[in-house]
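The numbering of the sequence shown is this note's numbering, which starts it at 86 and goes up by one.
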Amino acid sequence: MGQKVILIVEDNIKNLRLVNDIMESQGHQTLQASSGYEGIELARRNKPDLIIMDIQMPDIDGIQVTRILKHEQETSTIPIIALTAMAMKGDRETIINAGCDAYLQKPIRFDALIDTVKQWLK
86 MGQKVILIVE
96 DNIKNLRLVN
106 DIMESQGHQT
116 LQASSGYEGI
126 ELARRNKPDL
136 IIMDIQMPDI
146 DGIQVTRILK
156 HEQETSTIPI
166 IALTAMAMKG
176 DRETIINAGC
186 DAYLQKPIRF
196 DALIDTVKQW
206 LK
């Protein structure tokens, strides 16, 4: 498959490091953004193969970031996996309707994250 570039957008430094370590252990190159706006900029500049997106962030949430990226021609085809602690009824539909391609709940399960990333990088 070759080395893939994965952008991780996560404001919580512990979660950012955890996801980064998991992705690097799978042989992927990572880019890290600690805010939604930084994530948009890195996605535009680097065109990663996949984005792992936290949904709840202070500056601009992952749903808004996803909508922006999915409406721009250069980034619209990049798969986005949402990571969220949101578990209310209807949250999954809101996240998928915003343009996220997959949805994983926190706390992060390593096997589910690895399997989902593999699925979208095929």
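All C-beta atoms, glycine included, are put in the ideal place defined by N, C-alpha and C.
Remember, it's a predicted structure, so these values are computed and weren't measured experimentally.
Residue i by DSSP, collapsed to three states: which one?
i: residue 173; result: coil
i: residue 200; result: helix
i: residue 149; result: helix
i: residue 179; result: helix
CA-CA distance, residue i and residue j?
i: residue 103; j: residue 158; result: 31 Å
i: residue 166; j: residue 138; result: 6 Å
i: residue 168; j: residue 147; result: 9 Å
i: residue 134; j: residue 145; result: 22 Å
i: residue 126; j: residue 94; result: 11 Å
i: residue 173; j: residue 194; result: 19 Å
i: residue 199; j: residue 192; result: 14 Å
i: residue 113; j: residue 156; result: 26 Å
Considering just the uninterrupted stretch of the alpha helix (DSSP H) at residue i, what are its terminal residues?
i: residue 108; result: 98 to 110
i: residue 128; result: 121 to 131
Within the same chain, show all residues whose beta-carbon is closer than 6 Å to that of residue i, passing over the 5 residues directly before and after it, in chain order.
i: residue 119; result: 96
i: residue 124; result: 94, 118 and 150
For residue i, collect the residues of the same chain with a Cβ closer than 7 Å to its Cβ; drop the 5 residues on either side in sequence, then sort them by chain order.
i: residue 152; result: 183 and 184
i: residue 128; result: 92, 136, 154, 160 and 163
i: residue 181; result: 188
i: residue 197; result: 189
Residue i lies in the beta strand (DSSP E); which residues open and close that run?
i: residue 187; result: 187 to 190
i: residue 158; result: Looking at the DSSP string, residue 158 is not in any beta strand (DSSP E), and its letter there is neither H nor E.
i: residue 139; result: 135 to 139
i: residue 91; result: 90 to 94
i: residue 115; result: 114 to 118
Just to confirm my understanding: we take residue i, look at its own chain, exclude 5 residues before and 5 after, and list those with CB closer than 8 Å. What are they?
i: residue 105; result: 93, 115 and 117
i: residue 143; result: 96 and 120
With 8 Å set as the bound, which would you pick, yes or no: does the beta-carbon of residue i sit closer than that to a beta-carbon of chain B?
i: residue 171; result: Here chain B cannot be found, since the structure has a single protein chain.
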